[in-house]
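Residue numbers (the numbering used here), protein chains in the order written: chain A, 1 to 273; chain B, 1001 to 1273; chain D, 2001 to 2273.
Note that beta-carbon positions come from the ideal geometry of N, C-alpha and C, so glycine has one too.
Keep in mind it's a predicted model, so treat the numbers as computed, not measured.
Presented below is the structure to which this report refers.
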Amino acid sequence: MLKEMLENVRLRTPLIHNITNYVTVNDCANILIACGASPIMSDELAEVEEITTICNALNINIGTLNSHTIPSMLAAGKKARSLSHHVLLDPVGAGASKLRTNTALRILDEVKPSAVRGNISEIKALAMGEGSTKGVDADVADTVTDDTLEQSIGFVKSFAAKTGAVVAVTGAIDIVTDGNRTFVIRNGHPMLSRITGSGCMLSAMTAAYLAANPETPLEATAAAVCAMGLCGEKAQERLTDCDGNSTFRDYLIDEIYNLSGDALEAGAKYELR
Amino acid sequence: MLKEMLENVRLRTPLIHNITNYVTVNDCANILIACGASPIMSDELAEVEEITTICNALNINIGTLNSHTIPSMLAAGKKARSLSHHVLLDPVGAGASKLRTNTALRILDEVKPSAVRGNISEIKALAMGEGSTKGVDADVADTVTDDTLEQSIGFVKSFAAKTGAVVAVTGAIDIVTDGNRTFVIRNGHPMLSRITGSGCMLSAMTAAYLAANPETPLEATAAAVCAMGLCGEKAQERLTDCDGNSTFRDYLIDEIYNLSGDALEAGAKYELR
Amino acid sequence: MLKEMLENVRLRTPLIHNITNYVTVNDCANILIACGASPIMSDELAEVEEITTICNALNINIGTLNSHTIPSMLAAGKKARSLSHHVLLDPVGAGASKLRTNTALRILDEVKPSAVRGNISEIKALAMGEGSTKGVDADVADTVTDDTLEQSIGFVKSFAAKTGAVVAVTGAIDIVTDGNRTFVIRNGHPMLSRITGSGCMLSAMTAAYLAANPETPLEATAAAVCAMGLCGEKAQERLTDCDGNSTFRDYLIDEIYNLSGDALEAGAKYELR
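Put into structure tokens, the structure is as follows:
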């Protein structure tokens, strides 16, 4: 099943419109190509509706939102949804400023994205309207562990039900749910948190998986999350003692580039609840 | 001849002003250094004329154009031309939105750049005022092949004659022409299309070659195109089974860094028509 | 002493607010993580005061300043100083345009940053209100050599005394001074000038060292400068004949990632005057 999700991306080469931050935008473009999709970045209000019309899905990432890109996010998002395109929201740093929390809430309300991916602190900030996000990283107090897993699943399921979106909360244990069925995913490696952009790259790639598998958004999202975690493991195995986080970033994208459907199926560690 | 073009860049270390997109800007800066030039990025209207005055050429790339940078492109472009600096236009995504097509046409009209580099779909969009660009990549239907080569050369030559610019259309086969003489270049490797920014990097590097060889813009542009294609071949040869597009990007810039004039002369595959 | 500076960064994992250019922002984020800190980038006026409040230090880099980010730099800078956070200014390209020189002078005047890091031409432009910066690189005529060292130290000390900041002038020989005591540092390698962003990365990392060592800003800055220079040496040693500046960039960040306090103490080459 995961295999099919991946192979459809390579088969259909979806074009993904990204309104994203300038920190990790290059990595997002390269990982989209690596997974088989094609990226375009555009955040100018005068063209975003036209651009998103020729694309297959939209990835909205608020990592460096500003007064000019927020209207573009809303306009592109509404246009994409009106065309029945999948729209993914990555609420980077929700909880770290009122502007971020409120912008993410406004996008949820006005655009009704079909998928949301964030860390647990960001999703809590959106669910509760407040938060203790440590900048753009999850607060340690929020970490999903085996002890807090049941409670976390319940929380994420209710957020998914409330928003109507597939919600992916990623961290040491990943939770992907549509409010009914839930994937609990245990792929990944701590090195993924030692680079900037692993979350942003996953969001961009998830948009590609959604575009290529429009009828099965839960499975598409779960496949993208497993793929990123698995490639994080594989990239870490390639590291020598001299290597650090910069080489890890290159290897991570390389592993996504080389990942086959069979390797994903074999390496994915998940349970469906 | 190509050798001299390359060596002049290393000898004269031209300073290149870039108004470019935020997706591939870091790669553009590093490849400019790699080829022997020095980059500066500035897109603020209040300083672009002053910045371009101290530079030796200007590279305008509309990849993430917006309402604030478009006036900067026009102002810097006019100032640079008034100083007889070479100006290169990379019309990224022309054909994908009216804003992109119209902005590129306006720059052609008001700035009169001395060089234009794009893929075949972008150049068709500018020549015909419409297009079927697939986002920022060329449409498959437009691909230059041996079967369509004669026709494509004729088309690009007439666009060069009309604009007064050296025009480089890059793809599987590259066409570089000033409207009279035409280089048909067969360097390169499909991996160049599996990273973001190979076109942007080539445009930035071409601006450096033009700045260092101001009297021979056709040969300078052809040399830059051959250099990028050849280094793509060399970078691909270094890849192991584990490597993917991220490592390829690093190797590509590394190869430009290490490329000698003799190696360029020996490896270039072109015919002059 | 340097060892303690480095280890405090890893121990305290300071959160660093960056208002920085879009050219090297990804490298700045990754090197902040590599050295043990956590990055957040935000340049929107509506949130920068709130963002800087939850951070431990602010890094202001004017490399691609514009009319929207300049007010954000001033507002965030004043807020950070009012909270007694360290603020570092990197006056990229001061001397290359009036806008850059004047903005940097205005930040010095209104924010009163606790640290300034630049090349010798940039600092001269600020001290003298004019300059001959070659774009974003130092003018060769300004280079600090053994012959000009005494004179340069005197100049940098008087700039430090006048601004009240710890000033780091980096180049072939680095000078770090608070106006009284001066570190003369001889770590580094010319390869550091063959990539974009080595200065920007050092500025970001210095902000992290300042945040983790708030009571000893001179030593913290000197430690960051030594760390960057030493890691430049180590990265260069790893290069093979095929490698160039792109691989060097990765190795540089990797070396920062792996650098221990003991290795810094052993490899640092400095004298205290």
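The Cβ atoms of residue 2073 of chain D and residue 2040 of chain D do not sit closer than 8 Å to each other. In this chain, the beta strand (DSSP E) harbouring residue 2174 of chain D covers 2174-2177.
By alpha-carbon distance to residue 1239 of chain B, the top candidate from A:214, A:257, A:90 is A:257. For residue 2217 of chain D, the secondary structure class from DSSP, reduced to helix, strand or coil, is helix. Between residue 176 of chain A and residue 218 of chain A a beta carbon distance of about 7 Å is seen, short of the 8 Å cut, so the two are scored as contacting.
Contact between residue 250 of chain A and residue 1262 of chain B is absent: CB atoms are separated by about 30 Å, not below the 8 Å threshold. The stretch 175-211 of chain A is shown to contain whole beta strand (DSSP E) runs of 3 or more residues at 182-185, in chain order.
Selection B:1032, B:1195, B:1191 evaluated against residue 1016 of chain B yields B:1032 as nearest (Cα-Cα). Under the DSSP assignment, residue 1251 of chain B falls outside any beta strand (DSSP E), being part of the alpha helix (DSSP H) whose first and last residues are 1245-1258. Distance from the Cα of residue 1013 of chain B is smallest, within the candidate group B:1038, B:1259, B:1069, for B:1038. DSSP places residue 90 of chain A in the uninterrupted beta strand (DSSP E) bounded by 86-90. Here residue 1151 of chain B is exposed, its C-beta having fewer than 16 other C-beta atoms within 10 Å.
Distance from the Cα of residue 1244 of chain B is smallest, within the candidate group B:1173, B:1023, B:1191, B:1112, for B:1191. Residue 1025 of chain B has its alpha-carbon roughly 8 Å from the corresponding atom of residue 2022 of chain D. By alpha-carbon distance to residue 165 of chain A, the top candidate from A:182, A:149, A:172 is A:182.
In the structure shown, the three-state DSSP call for residue 39 of chain A is strand. Boundaries of the beta strand (DSSP E) around residue 57 of chain A: 57-61. Residue 160 of chain A and residue 229 of chain A have their C-alpha atoms spaced approximately 22 Å apart. Residues of chain A whose Cβ lies closer than 8 Å to the Cβ of residue 1200 of chain B do not exist, since the nearest Cβ in that chain is about 11 Å away. Rounded to whole angstroms, the gap between the alpha carbons of residue 1144 of chain B and residue 1089 of chain B is 21 Å. Taking residue 2108 of chain D as the centre and dropping the five residues before and after it, the same chain places the C-beta of 2163 closer than 6 Å to its C-beta, in chain order.
Partner residues in the beta bridge of residue 2017 of chain D, as assigned by DSSP, are D:2040, D:2058.
The C-beta of residue 1270 of chain B comes no closer than 8 Å to any C-beta of chain A. Residue pairing by DSSP places residue 2097 of chain D opposite D:2094 in a beta bridge.
In this structure, DSSP gives residue 2168 of chain D an extended state, which the three-state scheme calls strand.
If you draw a straight line from the Cα of residue 2213 of chain D to the Cα of residue 1054 of chain B, it comes to about 40 Å. Across the stretch 1036-1047 of chain B, CB contacts with chain D closer than 9 Å involve 1038, 1039, 1040, 1041, 1042, 1043, 1044, 1045, 1046, 1047, in sequence order along the chain. Your pair residue 1142 of chain B and residue 1120 of chain B checks out as a contact, with CB atoms roughly 4 Å apart and the cut at 8 Å.
Going by DSSP, residue 1012 of chain B is part of the alpha helix (DSSP H) stretching over 1002-1012. Between residue 70 of chain A and residue 101 of chain A, the beta carbon gap of about 13 Å keeps them out of contact (Cβ cut-off 8 Å). Using a Cβ-Cβ cut-off of 8 Å, residue 2082 of chain D does not count as an interface residue toward chain B, since no Cβ of chain B sits closer than that to its own.
Any Cβ of chain D closer than 8 Å to the Cβ of residue 1025 of chain B would place that residue at the interface, and such an atom is present. For the stretch 242-256 of chain A, the set of positions with a beta-carbon nearer than 9 Å to some beta-carbon of chain B reads 249, 250, 251, 252, 253, 254, 255, 256 in chain order. Spanning the alpha carbons of residue 1051 of chain B and residue 1193 of chain B requires a straight line of approximately 32 Å. Proximity of chain A to residue 2012 of chain D at the Cβ level (cut-off 7 Å) is not reached, the minimal Cβ distance being about 13 Å.
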